[in-house]
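This report concerns only the one structure given below.
Residue numbers (our numbering), protein chains in the order written: chain A, 1 to 363; chain R, 364 to 622; chain G, 623 to 696; chain S, 697 to 878.
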């Protein structure tokens, strides 16, 4: 197989997802077009991975069908994914909940746009709650990764599959329209070959590949009519989430060592806040940035630790204030936690973020 | 000749197939599901494809189908079985993949998934149990409920003006080029059971030819929902359902080519 | 002319007493028992075993797959 | 060195692709680059702008308040972005169809009548390359050779016969651009 993994390329975030999926040995992509993420499937259709790695790419009739195709593929122990944007991801909530209940791995990409409703095609981060608080029915959590660059669109696609299989859970890549649409330099991940059926049988003994002779059949289901059995399934899931919360927290700190004030932001907001930190520092204000890479599990311990030595936090989001609730829970009243956000597809500028810091926390 | 002389393995002419396991099924007494499950087991045993077959169970009375046939199964969300089956078959193209769906699952909530899987000509088998009613939730109106037929949500009978006409999905799907075989069967008599077994076998064989989707509708009873005895339900089906849903092949592209 | 003699064995614990085998039997061999199984169903049994030809009609229509059929040519 | 550029006009003028060529050229020259379009629902004819950042360092925010250089190709773009050029920065505008000319005195303003020129010389498809040539003349941030390599990367192979025409257009733009005095 071609080894050009070290080549630096320039591409859109959405395109990087497609390349990374092929390279990490994804078996199947099932999707339905919606702006601003259509380039994911368009790129896959251009690249024709069925001719190289054998990956299946299929345009489904709806987002509902897409996520259920991911369910079917995942039930066979295959690496499967879909991508969509906010309204489409709302339609997928049923399937995501079923996957969580059936303990199936799979990757869902949400390149968010402004809502509610049909909303706008401009970037947004207003699906934070939907992603990290369980947008579908029942008690479940979904590992949620928030890329802030085109490079991370590629890298976190690979990580999302790893987490999905390690914890047998649907996993979300939660990006925003800008990260999907912008072009930056990217070094694509190295090629991994797709798992063979023998490898899947070892790695995923629960997969429905056809029942081997003399063995018990596998059932993929989220149904347990007896409440005690259902509670046990829930307990198993919750135990897994506790491990995830311990083992898989990821974040980036910028200039936090001596910071008096810390921006908390993810995705494009984090990039904006990084510039706001530069502006603040140039004016003698010791600002820093904490950028959660995993939104679930949230970097609670890190924020707790920072809250012992900073004067305040400000969460900057493309929403009416969602992640800020988790920041407040982690800070638990020790220092002020403020919020600045723009909605409906408006992206705050670095100056706006800096001014919000000054107005809300310093003055 | 004494019974004990006759009941001897050497004289065996009919026994339960080995694919159907020994778990008692949760269906009501006399329910057609049991017969169709048995036929599926017969075919899987006869074709010797137990290790290559993956079933997709619906939501509805047959939600637990996965408990009864000793093969790998996935249980789908309501109506989504054809989407799951699409992905399974695409990723495991040498396997036999079938969905088992009721009329609520296939013809109402899952009509889009059904139509598009068939339009893409997915090489899967769709087993479609049509009893004109929502059985599991207690006898509500289905898309296939007959005009004038009473249900808990059409207590005075289905009215065209309010509820539309009974939806004949197989007839609709037969018009798609992606579909190679559509047949309508029943399991109320010995003859019907035998015909239905042949139809299901054909559907499985066709699915291995990669010529498109095969659909076997089984016009069935729901004696509990219809509030009849099992035998009474069969008679009611013959008298009322068959005129709306006449039995027989609706489409058989491969057979037509042979002629 | 050879005569076919048959017999059936009903798994009475699996039988739900739906009566479909009784209706299907062309020779009135089967009826529902007055006794019930542990679930309370009046299970099917042979009331007229001598008439059975082992035609398997009862087994074909049985939704519970709980009838096994034997047949001897005498 | 960091150069923050906005290119704005209406859809169909080649705004996005001009930004793309600039970004690819920066990549060839070994710079950090970012390219963000404003994407409208209209496939053609809507307003379009693209932000391109070329830098020797890691780029923090790809979203900007103000720009080192603004390139405007119609009146609404000029009206909007003239005010967002940093003091001492650069504004390049196409004079075609303007009713109100730029008026700031604290920035360097250049006029390039690329639309007019491209119509006159029957090279309307290369209009954006004429503008790019003008930019490179007054702000030689990228070497022309690297721009040509960048162009080659963005053009599908079946269009490679158009490369000489584009090179000509860049050179024409370099000649065409003029200082505009308020």
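Even glycine gets a Cβ: it sits at the ideal position worked out from N, Cα and C.
Rounded Cβ spacing between residue i and residue j (contact assumed at less than 8 angstroms)
i: residue 66 (chain A); j: residue 74 (chain A); result: About 12 angstroms separates the two Cβ atoms, so there is no contact after all.
i: residue 680 (chain G); j: residue 647 (chain G); result: 5 angstroms
i: residue 509 (chain R); j: residue 521 (chain R); result: 7 angstroms
i: residue 781 (chain S); j: residue 806 (chain S); result: So it is not a contact: roughly 12 angstroms between Cβ atoms.
i: residue 333 (chain A); j: residue 181 (chain A); result: With 8 angstroms as the limit, residue 333 (chain A) and residue 181 (chain A) do not qualify as a contact, their Cβ atoms being about 39 angstroms apart.
i: residue 331 (chain A); j: residue 337 (chain A); result: 5 angstroms
i: residue 532 (chain R); j: residue 694 (chain G); result: Their Cβ separation, rounded to whole angstroms, is 46 angstroms, which puts residue 532 (chain R) and residue 694 (chain G) out of contact at 8 angstroms.
i: residue 346 (chain R); j: residue 208 (chain A); result: For residue 346 (chain R) there is no data in the structure shown, the boundaries of chain R being 364 and 622.
CA-to-CA distance, residue j to residue i, given in whole angstroms
i: residue 816 (chain S); j: residue 823 (chain S); result: 11 angstroms
i: residue 738 (chain S); j: residue 478 (chain R); result: Low per-residue confidence applies at residue 738 (chain S): pLDDT is 46, beneath 50, and the placement is therefore not dependable enough to give any value.
i: residue 700 (chain S); j: residue 841 (chain S); result: 21 angstroms
i: residue 51 (chain A); j: residue 45 (chain A); result: 11 angstroms
i: residue 740 (chain S); j: residue 707 (chain S); result: Because the pLDDT at residue 740 (chain S) is just 49, under 50, the model does not fix this residue reliably, and the value given afterwards should be weighed accordingly. One C-alpha to the other measures close to 5 angstroms.
i: residue 869 (chain S); j: residue 749 (chain S); result: 22 angstroms
i: residue 653 (chain G); j: residue 595 (chain R); result: 17 angstroms
i: residue 36 (chain A); j: residue 200 (chain A); result: 34 angstroms
i: residue 309 (chain A); j: residue 303 (chain A); result: 10 angstroms
i: residue 231 (chain A); j: residue 329 (chain A); result: 27 angstroms
i: residue 631 (chain G); j: residue 395 (chain R); result: 21 angstroms
i: residue 445 (chain R); j: residue 170 (chain A); result: 20 angstroms
i: residue 30 (chain A); j: residue 71 (chain A); result: 10 angstroms
i: residue 271 (chain A); j: residue 47 (chain A); result: 30 angstroms
i: residue 513 (chain R); j: residue 519 (chain R); result: 6 angstroms
i: residue 855 (chain S); j: residue 361 (chain A); result: 55 angstroms
i: residue 335 (chain A); j: residue 285 (chain A); result: 18 angstroms
Proximity of residue i and residue j at Cβ, strictly below 8 angstroms
i: residue 80 (chain A); j: residue 28 (chain A); result: yes
i: residue 184 (chain A); j: residue 724 (chain S); result: no
i: residue 472 (chain R); j: residue 460 (chain R); result: no
i: residue 686 (chain G); j: residue 637 (chain G); result: yes
i: residue 465 (chain R); j: residue 423 (chain R); result: yes
i: residue 641 (chain G); j: residue 584 (chain R); result: no
i: residue 492 (chain R); j: residue 425 (chain R); result: yes
i: residue 151 (chain A); j: residue 267 (chain A); result: no
i: residue 112 (chain A); j: residue 175 (chain A); result: yes
i: residue 785 (chain S); j: residue 765 (chain S); result: yes
i: residue 326 (chain A); j: residue 354 (chain A); result: no
i: residue 109 (chain A); j: residue 83 (chain A); result: yes
i: residue 579 (chain R); j: residue 490 (chain R); result: yes
i: residue 746 (chain S); j: residue 803 (chain S); result: no
i: residue 734 (chain S); j: residue 275 (chain A); result: no
i: residue 128 (chain A); j: residue 134 (chain A); result: no
i: residue 504 (chain R); j: residue 517 (chain R); result: yes
i: residue 563 (chain R); j: residue 406 (chain R); result: yes
i: residue 838 (chain S); j: residue 847 (chain S); result: no
i: residue 628 (chain G); j: residue 690 (chain G); result: no
Listed by chain order, chain S residues near residue i by CB distance under 9 angstroms
i: residue 314 (chain A); result: Result: empty, since nearest Cβ-Cβ is about 16 angstroms, beyond 9 angstroms.
Counterpart residues of residue i in DSSP-defined beta bridges
i: residue 510 (chain R); result: R:521
i: residue 631 (chain G); result: G:690
i: residue 91 (chain A); result: Answer is none; residue 91 (chain A) lacks a bridge partner.
i: residue 144 (chain A); result: A:172, A:296
i: residue 700 (chain S); result: S:749
i: residue 59 (chain A); result: A:31
i: residue 706 (chain S); result: S:743
i: residue 436 (chain R); result: A:219, R:418
Residue i: contacting residues in chain R (beta-carbon distance under 8 angstroms)
i: residue 642 (chain G); result: 393, 593, 594, 597
Interface residues of chain S facing residue i [CB-CB closer than 7 angstroms]
i: residue 147 (chain A); result: Going along chain S, no residue has its Cβ under 7 angstroms from residue 147 (chain A), so there is no contact; the nearest lies around 13 angstroms.
Interface residues of chain A facing residue i [CB-CB closer than 8 angstroms]
i: residue 400 (chain R); result: Ordered by position in chain A, no residue passes the 8 angstroms Cβ test against residue 400 (chain R), which lies about 14 angstroms from the chain.
i: residue 730 (chain S); result: 182, 183, 184
i: residue 438 (chain R); result: 102, 219, 220, 221, 222, 223
i: residue 758 (chain S); result: 178, 182, 184, 268, 271
Where residue i meets chain A, residues with beta-carbon distance less than 7 angstroms
i: residue 806 (chain S); result: The premise fails here: residue 806 (chain S) is roughly 26 angstroms from chain A at the closest Cβ pair, so nothing lies under 7 angstroms.
i: residue 761 (chain S); result: 349, 350, 351
Proximal chain R residues relative to residue i, where beta-carbon distance stays under 7 angstroms
i: residue 56 (chain A); result: 453, 454
i: residue 636 (chain G); result: 387
Beta-carbon neighbours of residue i, restricted to chain S and to distances below 8 angstroms
i: residue 274 (chain A); result: 756, 757
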